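Enquirer: Residue 412 in my numbering sits at position 383 of the sequence shown, with consecutive numbering throughout.
Ideal Cβ placement from N, Cα and C applies to all residues, glycine included.
Here the structure is a predicted model, which is why all the values come from computation and not from measurement.
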Amino acid sequence: MDVDPLKCGQQTPQCLQCTRSNRLCPGYQRDYVFVQVNPAAKAIRPTPQQNSSLIQTSHHQQLLDNFYGHCFPDMRGPFGGKPWLSQLPQMTIDTRALKASTLALCTALVGRSTGNKALVHESLKLYTRGLRALQVALQSPSLVRHDETLAACLVLAMYEISECPARHIAGYYQHCRGLFSLIQLRGVDAHASGLGHQLFLAIRVHLILYGLGQLKPSFLAEPSWMDKPWQNAAKRPFDRIVDCMAYAPRLFHQLQIYSRLPYAEKEPLMSSLMVEFECLDNTLQVIYREMEDTVRGPMYWSILSKDHDSVGDPMKGSPFPLAFQFPDLKTAANLMALWATSALLRRGWNALYEDLRQGSFSGMVVVPRDVTSVVSKVCQSVEFCLNETNLMFGAFVASMPLAICKAVLQGDGRHDRRGAWITEVLERLQHRGVRIVKYQ
Numbered sequence: 030m031d032v033d034p035l036k037c038g039q040q041t042p043q044c045l046q047c048t049r050s051n052r053l054c055p056g057y058q059r060d061y062v063f064v065q066v067n068p069a070a071k072a073i074r075p076t077p078q079q080n081s082s083l084i085q086t087s088h089h090q091q092l093l094d095n096f097y098g099h100c101f102p103d104m105r106g107p108f109g110g111k112p113w114l115s116q117l118p119q120m121t122i123d124t125r126a127l128k129a130s131t132l133a134l135c136t137a138l139v140g141r142s143t144g145n146k147a148l149v150h151e152s153l154k155l156y157t158r159g160l161r162a163l164q165v166a167l168q169s170p171s172l173v174r175h176d177e178t179l180a181a182c183l184v185l186a187m188y189e190i191s192e193c194p195a196r197h198i199a200g201y202y203q204h205c206r207g208l209f210s211l212i213q214l215r216g217v218d219a220h221a222s223g224l225g226h227q228l229f230l231a232i233r234v235h236l237i238l239y240g241l242g243q244l245k246p247s248f249l250a251e252p253s254w255m256d257k258p259w260q261n262a263a264k265r266p267f268d269r270i271v272d273c274m275a276y277a278p279r280l281f282h283q284l285q286i287y288s289r290l291p292y293a294e295k296e297p298l299m300s301s302l303m304v305e306f307e308c309l310d311n312t313l314q315v316i317y318r319e320m321e322d323t324v325r326g327p328m329y330w331s332i333l334s335k336d337h338d339s340v341g342d343p344m345k346g347s348p349f350p351l352a353f354q355f356p357d358l359k360t361a362a363n364l365m366a367l368w369a370t371s372a373l374l375r376r377g378w379n380a381l382y383e384d385l386r387q388g389s390f391s392g393m394v395v396v397p398r399d400v401t402s403v404v405s406k407v408c409q410s411v412e413f414c415l416n417e418t419n420l421m422f423g424a425f426v427a428s429m430p431l432a433i434c435k436a437v438l439q440g441d442g443r444h445d446r447r448g449a450w451i452t453e454v455l456e457r458l459q460h461r462g463v464r465i466v467k468y469q
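(1) Please classify V184 as buried or exposed, where buried requires at least 16 other C-beta atoms within 10 Å of its C-beta.
(2) Does DSSP put Q91 in a helix, a strand or coil?
(3) In chain order, what residues of the same chain lie with their CB nearer than 7 Å to the CB of R279, ignoring the 5 residues before and after it?
(4) So, with DSSP's three-state summary, where would you put Q243?
(5) Within the same chain, show all residues whose beta-carbon is closer than 6 Å to that of M365, passing over the 5 residues directly before and after it, in chain order.
(6) Could you spell out where the beta strand (DSSP E) holding F353 opens and where it closes?
(7) To the nearest angstrom, how far is the alpha carbon of V304 from that of L374?
(8) Under three-state DSSP, which class holds G346?
(9) Does I212 come out as helix, strand or coil in the three-state DSSP assignment?
(10) Roughly how many angstroms separate the alpha carbons of A369 and D310, rounded to a whole number?
(11) Go ahead and label I270 buried or exposed: buried means 16 or more other beta carbons lie within 10 angstroms of its beta carbon, across all protein chains shown.
(12) Taking only the alpha-carbon atoms, compute the straight-line gap between L275 and L420 and give it to the nearest angstrom.
(13) Is any heavy atom in the ligand FAD found nearer than 7 Å to the beta carbon of K359?
(14) Terminal residues of the continuous beta strand (DSSP E) containing E332?
(15) With a CB to CB cut of under 7 Å and the five nearest residues on each side skipped, what residues in its chain are close to T312?
(16) With 16 as the cutoff for other CB atoms within 10 Å, does R206 come out buried or exposed?
(17) Count Cβ pairs between the stretch 213 to 223 and the stretch 158 to 165 that sit closer than 8 Å; are there 3 or more?
(18) Roughly how many angstroms separate the alpha carbons of H349 and R215, rounded to a whole number?
(19) Determine the closest residue to L385 out of S300, L333, P327 and F353, with distance taken between C-alpha atoms.
(20) On the three-state DSSP scale, how would you describe R325?
(21) Need the endpoints of the alpha helix (DSSP H) that G423 sits in, please.
(22) If you follow the alpha helix (DSSP H) that K16 is in, where does it begin and where does it stop?
(23) Along the chain, where does the alpha helix (DSSP H) that runs through D336 open and close?
(24) Pull up the distance between the alpha-carbon of Y201 and that of C100, whole angstroms please.
(25) Within a Cβ cutoff of 6 Å, which residues of the same chain sit near E177, ignoring the five residues on either side of it in sequence?
(26) Could you say if the stretch 142 to 154 and the stretch 111 to 120 meet the contact criterion of at least three C-beta pairs nearer than 8 Å?
(27) At the level of alpha carbons, what is the spacing between V315 and S371?
(28) For the candidate residues Y239, V396, F96 and L367, whose alpha-carbon lies nearest to that of F281?
In structure tokens form, the structure reads like this:
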């Protein structure tokens, strides 16, 4: 009988066909039977289904544990809350969609972390399986509103951030649109407690940034969605920072409308926008001071940068000779998000200031707000995030604030050196599990 050279031979511990193809043997992932390796031995009956299921569950848990060990550092700190993804190894997963999705993401990240190309290659098959399982769940009346269906969609979006298999950001955007639809379908009360609440906290920033990129206001900035999900828990500093970010899609959408108005109709909208930009930026400073009062000692301090890989002018040197250190990665994540959001809001304020400076609006007197200082603080924080002790998660922490700062500086020739530095660091993040930055 002819043997397909590409088909798995279902041998244990691994088959010759998979070994020659330099891939992870799929016999260890789903619906396995064990085939006797010794040619002289008599054939045995397939392993009963319950034993196969047991082996599959064991393998799944082992992979989740490896994922946690390779990706997440010690996240203890004064500002509470662990990343939702870091809790996957302790979760009981009941649905095929979430199981397949987590296998895909964990396989990809462990593969990248260990340099195992076979695992990375195999993760794409698991991702495809996760997409199919999610599609089935979305068509099921009993599963479409299930927490694990929402979780599977988030995990698949994270896979797009990590791998970007189509080499285009469209796949990630498609998942963002799916998350928008699912959250709206489930309703605000479904996100007030338990897993639904944890997922909402993790998803919200993705959807806000997606809306900002599309200049589309969303329901997430409506009062009920800003309050009801926290009816059973106090907001963390990060949640309050994201609150300020949540208004940005609407404000920048209005700023776009403002730019197209006839000169005579601009002043009322200009005044209201400036008030909102200023109020939100001032709120961030209040949050910063409250965070400062929460901790003992400084929230960050400066050291000489040890990063010799970043670009710099041979004559002028690095744009950031000093780097920041933090008590923990959680503090760094909070402050970087705060500074990046402040940079975004100040960019909006300054766009109005430039228009005001070139015209005359009832004697309005305003001054520009300092964007450079907060962007520089984000950049000076990156070295800490990319320290080996912060594992792969440090790169994810750095990617969002850096991407915001890159957008803030875009088109401003005064910041060419900083912009080039950010672009170079984002390229380095591709090798730390954040490949989507190449296609943004």
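Expert: If we stick to the structure as given:
(1) V184 is buried by the Cβ-count criterion.
(2) Note: Q91 maps to helix in three-state DSSP.
(3) Listed in chain order, the non-local C-beta contacts of R279 below 7 Å within the same chain comprise P246 and A250, local neighbours out to five positions each way being set aside.
(4) For Q243, the three-state secondary structure derived from DSSP is helix.
(5) Listed in chain order, the non-local C-beta contacts of M365 below 6 Å within the same chain comprise V407, S410 and P430, local neighbours out to five positions each way being set aside.
(6) Looking at the DSSP string, the run of the beta strand (DSSP E) that includes F353 is L351 to Q354.
(7) Spanning the two alpha carbons is a distance of roughly 11 Å.
(8) Reduced to three states, the DSSP call for G346 is strand.
(9) Of the three classes helix, strand and coil, the one that applies to I212 here is helix, per DSSP.
(10) Distance between the alpha carbons of A369 and D310: 11 Å.
(11) Buried, by the Cβ-count rule.
(12) One detail in the question is off: residue 275 reads as Ala in this sequence, not Leu. Approximately 29 Å between the Cα atoms of the pair.
(13) Absence of the ligand FAD is noted for the structure shown, with no ligands found whatsoever.
(14) Note that residue 332 is Ile in the sequence shown, not Glu. Counting along the chain, the beta strand (DSSP E) containing I332 begins and ends at W330 to L333.
(15) Only C273 meet the Cβ criterion.
(16) Residue environment for R206: exposed (fewer than 16 other C-beta atoms within 10 angstroms of its C-beta).
(17) Flag = no, the stretch 213 to 223 and the stretch 158 to 165 do not touch.
(18) Per the sequence shown, residue 349 should be read as Phe rather than His. Distance between the alpha carbons of F349 and R215: 46 Å.
(19) Answer by Cα proximity: S300.
(20) For R325, the three-state secondary structure derived from DSSP is coil.
(21) Start and end: F422 to L438.
(22) Nothing can be reported for residue 16: it is not among the residues displayed for the chain, which extend from 30 to 469.
(23) Where D336 is concerned, there is no enclosing alpha helix (DSSP H), given that its DSSP letter is neither H nor E.
(24) For the pair Y201 and C100, the Cα-to-Cα distance works out to about 21 Å.
(25) Cβ contact annotation for E177 (same chain, cutoff 6 Å, sequence separation greater than five): T124 and L127, in chain order.
(26) Verdict: no, contact absent.
(27) Pairing V315 with S371, the inter-Cα distance amounts to about 12 Å.
(28) That would be Y239, whose Cα lies nearest to the Cα of F281.
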